[in-house]
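Reviewing the structure listed below.
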Amino acid sequence: MKEEKLTSVKRFGTRYGRTTKLKFGQIEAEQRKKHKCPYCAAVQVKRIAAGIWNCTKCRAKFAGRAYTIARKQEAPQESPQEQLKETVEEPEEQEDFQEEEQEA
Ligand SMILES: [Zn+2]
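Here it is in C-alpha cells:
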C-alpha cells in the first residue's frame, strides 16, 4: 500500500496515533482545498467555518457540509425504488372465495 501523505498532521508530531492522524489529515485536506462553486462552477470556494462556504469569484456564501461541499458521489445511494420495495408491506392473506384446488 502506498504511504499516505501526512502533511497537515505533522504538527502533532508523534502524538495521537497513526490511524487517527491519517483520517484527520484526509478530512483536513478536503476542507482546506478549493472546491467547485455550484453557482459559477469556478474552483474558488473556500471554507469559512463548519458548513459555511464562500466562493471568492462570485462571492456566493452558502451552506454545505462541515468539511466538504457536498456528499461524495463515490458511494452510490440506494435507488428510491428499492427503498420503496423494502417499505411496502405485504398484503395480509385474504380469505379466498374460491376453493383451493389441490390434487392429491
Ligand atoms: Zn462562485
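All residue numbers in the sequence shown are consecutive under our numbering, ending with 105. All residues carry an ideal CB built from backbone N, CA and C; glycine is no exception.
DSSP three-state call for residue i: helix, strand or coil?
i     : result
Ala42 : coil
Lys11 : helix
Arg48 : strand
Lys62 : strand
Ile28 : helix
Using the Cα positions of residue i and residue j, report the straight-line distance between them to the nearest angstrom.
i     : j     : result
Glu31 : Tyr68 : 7 Å
Arg12 : Tyr40 : 35 Å
Tyr17 : Arg33 : 21 Å
Thr8  : Gly14 : 11 Å
Cys38 : Arg72 : 14 Å
Tell me which residues share the same chain as residue i and place their Cβ nearer than 8 Å to its Cβ, disregarding the 5 neighbours each side in the sequence.
i     : result
Gly52 : Ala64, Gly65, Arg66 and Ala67
Are residue i and residue j close, meaning C-beta to C-beta below 9 Å?
i     : j     : result
Gly26 : Val44 : no
Ile70 : Val46 : yes
Short of 7 Å in beta carbon distance, which residues of its chain neighbour residue i, apart from the five on each side in sequence? Order them along the chain.
i     : result
Thr57 : Gln45 and Lys47
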